[in-house]
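Structure first, commentary second.
Protein chains: 2
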Amino acid sequence: MERAVRELWAESRDLLGLGSPSPDDTAAAADVPRADMPPTPLAFLRDHVSPGRPLLVSAAGTRHWPAASLWPTASYLTDALRSTAVSLHLTPDGRADALAPHPGRPGSSSRCFASAHVRRVDFPTAVRLIRGSDPVAGVVAYAQQQDDCLRGEYAAVAGDVDAHVPWASEALGCLPEAVNLWIGNAHSVTSFHKDHYDNIYVVVSGEKHFLLLPPTEHHRLYVRDYPAAHYVAEEDAGGEHQLRLKLEMEEPGRIVPWSSVDPCPASPEEMAAQASSFPLYFDGPAPIRCTVRAGEMLYLPSMWFHHVSQSPGPNGLTVAVNYWYDMQFDIKYAYFNFLRSLEIDDCSSGKAGALEGDLEEKND
Amino acid sequence: MERAVRELWAESRDLLGLGSPSPDDTAAAADVPRADMPPTPLAFLRDHVSPGRPLLVSAAGTRHWPAASLWPTASYLTDALRSTAVSLHLTPDGRADALAPHPGRPGSSSRCFASAHVRRVDFPTAVRLIRGSDPVAGVVAYAQQQDDCLRGEYAAVAGDVDAHVPWASEALGCLPEAVNLWIGNAHSVTSFHKDHYDNIYVVVSGEKHFLLLPPTEHHRLYVRDYPAAHYVAEEDAGGEHQLRLKLEMEEPGRIVPWSSVDPCPASPEEMAAQASSFPLYFDGPAPIRCTVRAGEMLYLPSMWFHHVSQSPGPNGLTVAVNYWYDMQFDIKYAYFNFLRSLEIDDCSSGKAGALEGDLEEKND
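Chains as they are written, first to last, in our numbering: chain A, 63 to 426; chain B, 63 to 426.
Right under this line is the structure:
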């Protein structure tokens, strides 16, 4: 089974044009295809949506957006949203919707799925907290409300970008289900996950760095069931108005299937533990790397696994907008579910690894 | 494994909209989607090519073809092709490119892959032989040369049909790789197989009856390796100039992977043997049935298994044209190859069946 699955990985990358660019360097992956101009709807559908192949479109595609010139200036957004309350996601380390040590099992290797503490603050305060975010200070703030927030909380500036992506809407035959705004700094990281949407991700300021794996590489992510937790805030009674975040398990309990893999562990020890626990990820083909620069748009096909980190622009912020389009549940989705239902022997070979607590949850 | 594969069958049919139309009748399949008018290229690509979903387009799509009115009349084609030599495929039973008893192993259940005897005759003779085809007489003739023959041997009448299918060409971004003409009578049957092409199949006279299985149902076809054979003609030395066809193994030997399943066996005994040898086919979901009538076009997605029988029109002939477009080898193809590489335990459970000779060839 493992051999057949590894052949699937290699063949799907080859057919996507994303295999190793050189036979001497099987640890590398080819770049995501780039287009200088937005594609026609037909070419987009035929060459990207149908085969499930990502596409990076140059900044020519968003040059006409007022946001392209307005948002990177420091004061425009804080002026436009001066009295707007927005949802700010707070974590101690910049890792919202990610695995964290289980708070009820200190000293063990058990992990839980940790969601951010969400607080409504006025936008200028949000920007100040995002800019000052630092794990050393114990709080990292990320404006990443994923509920169509650009057309909700941020409606006052929604007109600065296209209401939808015309070539994508025509190709997909629908308008976006959600348009979200994302504002963070270098300390916010999004862990590996997939979405049931076709995604057009546009960076307006700064850069986003994607690690990508096609859906055929599902087993490499070691998706397991984790108990859900969320951060809660404790106001420090001391001199300064200092926020302290504490992780609490959700009550009633809730289980979230999530990838066990952290591709960028903070320490050599953690890296060694990850590599021994999740060999299909660390010994397999390199993830496809894609940096999206200001003005560029990444088409991320539905069901692709992605891990996202970011670099701020001159304004100290990474600002991005994404358009989620309903995906088509078709034969590719049936094949994915079939693949997911199969067990690879090697998936359990990591049981001797340092993160065995995770793997015991496999059959929860 | 078998359970996971059966779930794949059910889910892919459901997602294609081709599942059982009623929960009380799981042995039935929904009809192929029909369109009164040809689709736009974008809708065709999005709703049919990308998800791999067949489409039947009404006769409105070919009403403008001169062939629609000219070809069904008895004399037009024989006049237009009076002095044209064409390739006629001759078999004793109407089953070209199908399994037949192995001629070198009489009395055993061994089978081989039998190709027709191909003879060049002038077109009026071809039509006379096709109309008079009958297994009782020992010869069934089928004009089914699949080498772009409409633009080759039949170039004199190629202008009677569209040179390509405009909405398909625009959607797929290419012109057809081959355009073929098919002329037969009720005795010619095409056994289950798949093509590495997107296919637009147009009936001009008579009807074609398709049995369809999506590529996800690969295992149900029991594709096995068979040694190749072809029919050779022996002129009868007797009074009449009577053709006798004899099956000979190819030299040097050649192996052809082919479906072991005959969905329409001629006798109850043969049906019992088939059903016991190939339970995944006979006990599984019913094939999707689609009759294509004169003027109608069937879009058959690449990699779909199809079995075709036919009924002649008033002129005693079934006349059809098909357009083969190069398929896109994408992630669906990688998933198919992965699926094909897996063995279902149940595939070997038929070893006790009457056709065990076939199944022993499984690992050839």
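For every residue, glycine included, the Cβ atom is placed at its ideal position computed from N, Cα and C.
- Counting only residues of its own chain and dropping the five nearest sequence neighbours on each side, residue 167/A has no CB closer than 7 angstroms to any other CB.
- Taking the beta carbon of residue 113/A as reference, the chain B residues within 7 angstroms of it are 390, 392, 393, listed in sequence order.
- Here residue 188/B has 148, 150, 203, 205, 245 as same chain residues with Cβ atoms under 8 angstroms from its own Cβ, once five neighbours each way along the sequence are excluded.
- Within its own chain, the residues whose Cβ lies closer than 8 angstroms to the Cβ of residue 242/A, once the five positions on either side in sequence are excluded, are 206, 207, 208, 209, 210, 211, 212, 383, 384, 386, listed in chain order.
- Not flagged as an interface residue toward chain A: residue 166/B, since no C-beta distance is shorter than 9 angstroms.
- Ranking 161/A, 180/A, 183/A by CA distance to the CA of residue 174/A puts 161/A first.
- According to the DSSP assignment, residue 234/A belongs to the alpha helix (DSSP H) that extends over 228-234.
- For residue 309/B, the enclosing beta strand (DSSP E) covers residues 305-311.
- Counting only runs of 4 or more residues that sit fully inside the segment 72-150 of chain A, the alpha helix (DSSP H) segments are 103-106, 128-132, 138-142, in chain order.
- DSSP, reduced to helix, strand and coil, places residue 326/A outside both helices and strands of the structure shown, so it counts as coil.
- Here the C-alpha atom of residue 109/B lies approximately 32 angstroms from the C-alpha atom of residue 374/B.
- Here the segment 215-233 of chain A makes contact with the segment 126-135 of chain A; the two share three or more CB pairs at distances below 8 angstroms.
- Shown here, residue 372/B sits in a strand according to DSSP, grouped into three states.
- With the criterion set as a beta carbon lying under 9 angstroms from some beta carbon of chain A, the members of the segment 225-243 of chain B are 232, 233, 234, 235, in sequence order.
- Cβ atoms of residue 115/A and residue 81/A stay farther apart than 8 angstroms, at about 12 angstroms.
- Of the other Cβ atoms in all chains shown, 16 or more fall within 10 Å of the Cβ of residue 154/A; this residue is therefore buried.
- Note: residue 388/A is bridge-paired with 259/A in the DSSP secondary-structure output.
- Closer than 9 angstroms to the CB of residue 82/A there is not a single CB belonging to chain B.
- Put simply, the CB of residue 105/B is near chain A, with a gap under 9 angstroms to one of its CB atoms.
- The C-alpha of residue 390/A lies about 8 angstroms from the C-alpha of residue 113/B.
- Shown here for residue 238/A: same chain residues with a beta carbon closer than 7 angstroms to its own, the five before and five after excluded, namely 226, 385, 386, 387 in chain order.
- Taking a 10 Å sphere around the C-beta of residue 304/A, we find fewer than 16 other C-beta atoms and assign the residue as exposed.
- In chain order, 147, 148, 150, 191 place their CB closer than 8 angstroms to the CB of residue 183/A, counting only its own chain and leaving out the 5 sequence neighbours on each side.
- A straight-line Cα-Cα distance of about 17 angstroms links residue 201/A and residue 291/A.
- A Cβ-Cβ distance of about 6 angstroms is found for the pair residue 379/A and residue 267/A, placing them in contact under the 8 angstroms criterion.
- Remark: fewer than three beta-carbon pairs, one from each stretch, lie closer than 8 angstroms, so the segment 314-324 of chain A and the segment 63-79 of chain A are not flagged as touching.
- Contact of residue 108/B with chain A is assigned, a C-beta pair being separated by under 9 angstroms.
- Residue 351/B and residue 404/B have their C-alpha atoms spaced approximately 27 angstroms apart.
- When DSSP reads this structure, residue 244/B sits in a beta bridge with 382/B.
- Rounded to whole angstroms, residue 138/B and residue 132/B show a C-alpha spacing of 6 angstroms.
- In the structure shown, residue 67/A falls within a helical segment according to DSSP collapsed to helix, strand and coil.
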